[in-house]
Amino acid sequence: MKKSLWTELKREVLFGICFAVLLVFAAVPCQAQQTTVSLNTTELVKGNTVYATVNIDNVENLDAGQFDLVFNPDVLKIVSVENGSIGSTEIPVQWSSVDSKTARVIFNLEGVSGVSGSGELAKIGFEVMSDGEGDLRISNGLLGNIEAKRIDTIWGDSKEDGKEENGKEENGKEENGKEENGKQAATKQAATPGFEVELSLIGLTAVVCLARSKQR
1 MKKSLWTELK
11 REVLFGICFA
21 VLLVFAAVPC
31 QAQQTTVSLN
41 TTELVKGNTV
51 YATVNIDNVE
61 NLDAGQFDLV
71 FNPDVLKIVS
81 VENGSIGSTE
91 IPVQWSSVDS
101 KTARVIFNLE
111 GVSGVSGSGE
121 LAKIGFEVMS
131 DGEGDLRISN
141 GLLGNIEAKR
151 IDTIWGDSKE
161 DGKEENGKEE
171 NGKEENGKEE
181 NGKQAATKQA
191 ATPGFEVELS
201 LIGLTAVVCL
211 ARSKQR
């Protein structure tokens, strides 16, 4: 009798543990993959035209965005900015010079469905005018979804083909302001889809639409 009671008790305890584990897994939602944006460059050779690609990974419902390209104007000169693509969806970009060392790239997808996946936001052509460091990086990045809310994004450092990310080696240094640049290059956006962010994305959409209407 005692043996059967003990066996029954063990079964109930085991069942309770299994049920508790199932509740824990049910309560914890599956974490979506982090959206990242990185800059991929090639070796700079004086007199050549080189291309840098702005890559994006694991984005969901992307609708619009903008970012600044910062570079050394004594070494690099922008000669072209080409549209990117995610899957079969083209990313139509517009760009303008902010100052001698900064160019701003903006985009807004037509329609309201957005796009998800990985691909390229843009491809930028540079003329290499002299020897030296190009100091190319992304700054002031912002991505928005189809609800005009900010997409939580990690903006990564630039890297050359076949090489480790250059910015990672400089993050711990303080000389010549490299520490500040590294922080800007690897900044993670806070997921705060507030009123100001929505206004920024709405304004961005309006600017892109205006630019398109002028081209027509």
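Heads up: the sequence shown begins at 1 in UniProt numbering, then just goes up one per residue. The beta-carbon is built from N, C-alpha and C at its ideal position, and this holds for glycine as well.
Here DSSP, grouped into helix, strand and coil, assigns G125 to strand. With at least 16 other beta carbons inside 10 angstroms of its own, Q66 counts as buried. Excluding five sequence positions before and after G47, the CB atoms of its chain that fall closer than 7 Å to its own CB belong to V128, given in chain order. The three-state secondary structure of D131, taken from DSSP, is coil. Here K77 is bridged, per DSSP, to E127.
With respect to the 7 Å criterion, V70 and R150 are not classified as neighbours on the basis of their beta carbons.
Here DSSP, grouped into helix, strand and coil, assigns N72 to coil. Residues S116 of the same chain have their beta carbon placed closer than 6 Å to that of E60, with the five preceding and five following residues left out of the count.
Taking A103 as the centre and dropping the five residues before and after it, the same chain places the C-beta of L69, I78, W95, S97 closer than 6 Å to its C-beta, in chain order. Using a 10 angstroms sphere on the CB of D63, the tally of other CB atoms reaches 16 or more, which defines it as buried. Of the residues N55, V45, V50, L44, the one whose Cα lies closest to the Cα of S38 is N55. For R104, the enclosing beta strand (DSSP E) covers residues 102-108. Its chain contains N58, I154 as the residues whose beta carbon lies nearer than 7 Å to that of Q34, once the 5 sequence neighbours on both sides are disregarded; these appear in chain order.
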